[in-house]
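Each residue of the sequence shown is one higher than the one before, starting from 1 at the first, in the UniProt record's numbering.
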Amino acid sequence: MGGFFKPGRLNSWGLILGGIMFAVAATPSLLPRSWLFQAVASGFSAASGYGLGVFLRWNWRNWGREVAAVFGHKFLKAFALEEEWAAFKEWAALSEKARVRLELVLLALVLVWASYISVSAIRWQRELHEYMGMPQQLGWKALGIVPIGLGLWALVLLIVHALLQLGRFVARIAPDHWTAAAHSIIAGFVALSLGLWLVDSVIPGTVIRVFESGAAVTNASPDPDAQRPSDPLKSGSEYSFNRWDDLGAQGSRFVTMGPSKADIERVTGQPAKEPIRMYAGLRGAEDPSEQTTRLLADLRRTHAHERKAVLIAGTTGTGWVNPTAAQSFELLYGGDTAVVAMQYSNLPSPVQFISSKTQVHESGKALVSAIVAWRDSLPAEQRPELYLFGESLGTTQGEGAFDGVRDITRQLDGVLWVGPPNSNELWASISLRRDPGTREVAPEYGGGTTVRFAENSQQIGRMLHDAAPWNRPRILYIQHATDPIVWWSPNLLFEQPDWLRESPGIGRHPSMSWQPVVTFWQVTLDMANSVSVPTYYGHNYGSEVLDGLAAITGYEGDLEPLREALVVY
């Protein structure tokens, strides 16, 4: 594809489409963007637009013109428009000078339009910041959007140019009698293959290795600020089968930062029990089977079967358990609980996501199967209620244990999943098969008899007073309309999702619309900002977890005293 980029000669079609996408990237997306994130979104969008423009022009010059001429002639001749055809041919045969002038006019129009969009973008970002109660972050820093964005655009072009040069070098082995178009195709294919190899293997592999080494060190030992529990009801105590040194940083925090019996009694004004917290870290275990064996040994040791309820808590990539969820569950049941969690990775969730979802699923299946088998081995009258919670990649871990909704309801008393990634297969299947006429952002499934979706606490509260029956066991998904973790998908590149065809959900800017390629980059950048926004927006669910757990467990008391006592993370 000659002419992709050469110093001093840029592709005009690429510049026009790139300029359009640079500007469109400034339109609203799910979350407010800082000036730097905006520059990155615009730069990558522009580079994508440039590549698309080059591709279109190459096709037009090599075969598009001829096809258009043949079909255009037949069409106009069929309608006796010979004079118009002659005029069209004359226009198509514009001199090089006239063509350049036309392209310059188009570029000027794009520049004017881009300036208008940029001014509007400042207003849109101001509205988004105000809507979410965030301080303004643009101001004079917005002046850096254009130079940084253009610089990133140029950097991407230079990288692609280098790949094309390698492709052209390889293409020289083709026979000399082959056409220039054939040589261009070979060069483009080689460059594309190299690019895909870099994006699909080299870069992710390097990122994973870097994070693996760093995360292993970070999580190798318990958090130095956490003190080893003396309570035998906690993993890591001297009585536990899960040693303190094996819990890692996240596990040590989980078992030491929950409410005590006295804390719960102070909040509820009722007698309470000391909660059981069990955690199996990666260290010291060969596989998930060994981890679950230790967890079961601790459950038996602590007589967890005598508790009213057990919660299986899904972990994120680093092994983090949402402390708000564990606290909420313990407050709802007055400490008459056991909360169980198992680590499957040291990696941050985004890195684990590209590393291996299979590992996440296998961990969830091993954990849930083991706990369900333990519960089922008890006499029916002695079995505790069994619930499952997961947030973010923790929902992926939990979903991996089941084949479908019926499988869940046969084994558990209730499930709460919060902020599920768009790639979750069970979530996607339920969303796709939602009841006709309901929105993807707030779907209804099977009339809401088992599975329900909510965007916030108010919707959850209304569910509990809804005349329509919500049978037990209950499955509840909480998902914000502004959570990019829920809505990001590679399909955003070229396919408009239903949630962007529908009326916007709670908190989403009404001006957000789907634009090919651009929306993909916008939502990708939103993911990096998903927890930097106020609670109840983006990927921050706060005390909505309390409402969700109360809903699936059937709690009928006043939640406000419990909400005030929560330490929300």
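Ideal Cβ positions, reconstructed from N, Cα and C, are used throughout, including at glycine. Every value quoted in this text rests on a predicted model; they were computed, and no experiment measured them.
Inset, instruction - Decide if residue 151 is buried, meaning its Cβ has at least 16 other Cβ atoms within 10 Å, or exposed. - result: exposed
Inset, instruction - Going by DSSP, name the residue or residues bridged to residue 452. - result: 476
Legend entry - Beta-ladder partner(s) of residue 341, from DSSP: 279 and 313
Inset, instruction - Would you mind sorting residue 509 into buried or exposed? The rule is 16 or more other CB atoms within 10 Å of its CB. - result: buried
Inset, instruction - Output yes or no for whether 8 Å exceeds the beta carbon distance between residue 394 and residue 476. - result: no
Legend entry - Environment of residue 330 [buried if 16+ CB atoms lie within 10 Å]: buried
Inset, instruction - Assign residue 387 to one of three DSSP states: helix, strand, or coil. - result: strand
Inset, instruction - From the DSSP output, read off the bridge partner residues of residue 417. - result: 390 and 477
Legend entry - residue 412 - DSSP class collapsed to helix/strand/coil: coil
Legend entry - Alpha carbon of residue 406 to alpha carbon of residue 430, nearest angstrom: 12 Å
Inset, instruction - If I'm right that residue 12 touches residue 103 with Cβ under 8 Å, what's the distance once you round it to whole angstroms? - result: 4 Å
Legend entry - Terminal residues of the alpha helix (DSSP H) in which residue 425 lies: 425 to 432
Inset, instruction - Evaluate contact between the stretch 553 to 566 and the stretch 483 to 501, counting only Cβ atoms and requiring at least three cross-stretch pairs below 8 Å. - result: no
Inset, instruction - Pull up the CB-CB distance for residue 417 and residue 446, whole angstroms please, since I reckon it's below 8 Å. - result: Not quite, the Cβ-Cβ distance comes to about 17 Å (not below 8 Å), so this is no contact.
Inset, instruction - Mark residue 45 as exposed unless 16 or more other C-beta atoms lie within 10 angstroms of its C-beta, in which case mark it buried. - result: buried
Legend entry - residue 365 (DSSP reduced to helix, strand or coil): helix
Legend entry - Among 42, 20, 270 and 17, the one whose alpha carbon lies nearest that of residue 525: 42
Inset, instruction - Could you give the DSSP three-state label for residue 10: helix, strand or coil? - result: strand
Legend entry - From 364, 421 and 162, residue whose alpha carbon lies closest to that of residue 403: 364
Inset, instruction - Report yes if the CB atom of residue 292 is closer than 8 Å to the CB atom of residue 341, and no otherwise. - result: no
Inset, instruction - Can you tell me which of the three DSSP states residue 308 falls into? - result: coil
Legend entry - DSSP state of residue 273 mapped onto helix, strand, coil: coil
Inset, instruction - Determine, using beta-carbon pairs with one atom in the stretch 221 to 232 and one in the stretch 247 to 255, whether at least three such pairs fall under 8 Å. - result: yes
Legend entry - Residues near residue 19 in its chain [Cβ-Cβ closer than 8 Å; skip 5 each side]: 46, 49, 107, 110, 111 and 114
Legend entry - Inter-residue spacing [alpha-carbon to alpha-carbon] between residue 17 and residue 26: 15 Å
Inset, instruction - Mark residue 564 as exposed unless 16 or more other C-beta atoms lie within 10 angstroms of its C-beta, in which case mark it buried. - result: exposed
Inset, instruction - Please state if the CB of residue 489 and the CB of residue 422 are separated by a distance shorter than 8 Å. - result: yes
Legend entry - Member of 511, 515, 506 and 480 whose CA lies at the smallest distance from the CA of residue 497: 515
Legend entry - alpha helix (DSSP H) segment containing residue 547, residue limits: 544 to 553
Inset, instruction - Give every residue of the same chain whose Cβ lies closer than 7 Å to the Cβ of residue 297, excluding the five residues on either side of it in the sequence, and list them in chain order. - result: 241
Legend entry - Beta carbon of residue 21 nearer than 8 Å to that of residue 545: no
Inset, instruction - Since I believe residue 144 is in contact with residue 35 (beta carbons under 8 Å), could you give me their beta-carbon distance rounded to a whole number of angstroms? - result: 6 Å
Inset, instruction - Kindly list the residues whose CB is nearer than 6 Å to the CB of residue 280, restricted to its own chain and excluding five residues on each side of it in sequence; keep chain order. - result: 242, 291, 294, 295 and 342
Legend entry - Neighbourhood of residue 493 by C-beta, 8 Å cutoff - its chain only, sequence neighbours within 5 removed: 516, 517 and 520
Inset, instruction - Would you kindly work out how many angstroms separate the C-alpha atoms of residue 169 and residue 52, rounded to a whole number? - result: 23 Å
Inset, instruction - Measure from the alpha carbon of residue 347 to the alpha carbon of each residue in 339, 338 and 357, then state which is nearest. - result: 357
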